[in-house]
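Quick note: the sequence shown uses my numbering, first residue 497, plus one each step. All residues carry an ideal CB built from backbone N, CA and C; glycine is no exception. Everything below concerns the one structure shown next.
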Amino acid sequence: MVSALAGMLRPGTVRTGVDVDSYERDGAAVRVKTGDGGVVDAQGLVGADGIGSAVARTMVGPLQYNYSGYTAWRGVAHGVPDPSGPGIWAYLVRGHEVGWLPLRDDRTYWFATAWLPEGHSFPDGDPSYLNAEFGAWPEPIPSLLRSTPADQLVRNDIVDRAALDHFSDGPVALLGDAAHPMRPHLGQGGCQAIEDAAALAGWLSAASDPAAAFARYDELRRRRAARIVSVSKRSGLTRPMSLTTRSVDRVSSLLPSLPIGPLVRGLAPIAGYRAGLKAVAARR
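Here you go:
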């Protein structure tokens with residue numbers, strides 16, 4: 497996707513391999529300092545540099561991170577048939593989650609979670625732990641683990657960040673995880689970045705200067721982003737072992753298959769949101 501978008505621009509527009517270190521306001525413009533010691537003067541700056549955003553740190557000061565209490569693995573398995581048929585599937589046992597969904601070309605995306613100390617490592621490596629922890633779970637989980645190449649497996653401790661009270665600073669704005677990182681349970685991290693981009697493009701096309709566009713974008717996006725961050729946080733089912741966790745296991749064993757129709761309807765305000773039209777309507 498990045499290559500496709502970059503290919504639509506004039507040659508030399510995109511400069512890769514250089515980090516942004518910080519910025520300074522310069523009247524209605526902004527001076528961007530890069531990691532290689534360079535300086536770029538611009539009319540506007542959009543910080544889309546992730547949860548550890550250097551742009552956000554410059555804008556608001558030190559960022560406060562919160563470890564959720566659990567870690568997550570994500571992988572892509574090759575050639576694993578799904579014995580339960582097409583769709584999105586998830587198992588929840590002992591406070592751990594494993595889920596999967598089919599991709600193109602006979603591949604399957606899967607994820608697994610476990611309640612572990614932050615930064616925990618395994619002497620025999622992550623694949624060994626996964627096989628020990630989940631290898632006896634029902635198929636296709638063991639097959640998914642065995643059929644995932646090492647370069648298709650990633651692990652991240654699930655971390656979120658204290659909410660920011662603003663996403664803009666004159667000719668500077670934050671987008672995506674730089675503005676509102678969230679837990680992955682609703683799959684909304686990338687989706688919300690796309691919504692940000694649609695809204696930001698709408699305001700930039702109508703405003704006389706970036707600062708005015710960024711201020712309206714901030715006003716439009718902050719409340720919705722905060723709502724989805726909150727819902728994503730509440731949607732996680734990974735828990736430490738406790739009486740409640742054991743009770744959930746007993747109930748889920750009696751109801752092994754649950755309809756997701758009500759869940760899908762509940763997500764309609766999120767998945768059905770049209771950021772571009774909202775941005776246009778807000779300008780009127």
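Alpha-carbon to alpha-carbon, residue j and residue i
i      : j      : result
ARG603 : ALA568 : 20 Å
ILE637 : LEU597 : 12 Å
SER731 : GLY683 : 11 Å
ARG521 : TYR563 : 33 Å
ASP647 : VAL514 : 25 Å
GLY787 : GLY503 : Examination of residue 787 is not possible in this model, given that the chain is present from 497 through 780 alone.
GLU715 : LEU763 : 23 Å
ASP656 : GLY508 : 35 Å
THR512 : THR530 : 12 Å
VAL594 : SER518 : 39 Å
GLY501 : GLY686 : What sits at residue 501 in the sequence shown is Leu, not Gly. Straight-line Cα distance between these residues: approximately 16 Å.
PRO634 : PHE607 : 15 Å
ILE654 : HIS616 : 12 Å
GLY583 : THR734 : 21 Å
Backbone secondary structure at residue i - three-state DSSP
i      : result
ALA538 : strand
TRP633 : coil
VAL551 : helix
LEU501 : helix
PRO588 : Strictly speaking, residue 588 in this sequence is Leu, with Pro absent from that position. Strand, per DSSP.
ASP515 : coil
SER643 : coil
ASP522 : strand
SER664 : strand
7 Å Cβ cutoff met for residue i and residue j
i      : j      : result
ALA709 : HIS676 : no
ALA544 : LEU671 : yes
TYR566 : THR609 : yes
ALA711 : SER664 : yes
ALA702 : ARG717 : no
ALA550 : VAL498 : no
GLY591 : ASP673 : no
VAL542 : ALA669 : yes
LEU641 : ASN652 : no
Residues of its chain near residue i, where Cβ-Cβ distance is below 7 Å and the 5 sequence neighbours each way are ignored
i      : result
GLY575 : ASP602, SER643
ALA707 : ALA524, GLY666, PRO667
SER639 : VAL576
VAL556 : LEU660
ARG527 : TYR519, GLU520, VAL535, ASP537
HIS662 : ASP714
GLY631 : PRO638, LEU641
Same chain only: Cβ atoms within 6 Å of residue i, ignoring 5 sequence neighbours per side
i      : result
TYR605 : VAL572, LEU597, LEU599
LEU612 : THR567
Terminal residues of the alpha helix (DSSP H) in which residue i lies
i      : result
ALA722 : 706 to 731
ARG649 : One detail in the question is off: residue 649 reads as Leu in this sequence, not Arg. Segment 649 to 657 is the beta strand (DSSP E) holding LEU649; no alpha helix (DSSP H) there.
ALA693 : 685 to 702
ALA767 : 764 to 767
Beta-carbon contacts of residue i that lie in its chain and below 8 Å, excluding the five residues immediately before and after
i      : result
VAL727 : LEU682, ILE766
ALA659 : HIS676, ALA722, VAL725
Boundaries (first-last residue) of the beta strand (DSSP E) holding residue i
i      : result
GLU593 : 592 to 598
SER564 : 561 to 574
VAL668 : 668 to 670
THR734 : That residue, THR734, is in no beta strand (DSSP E); it is neither H nor E in DSSP.
VAL528 : 525 to 530
ARG603 : 603 to 611
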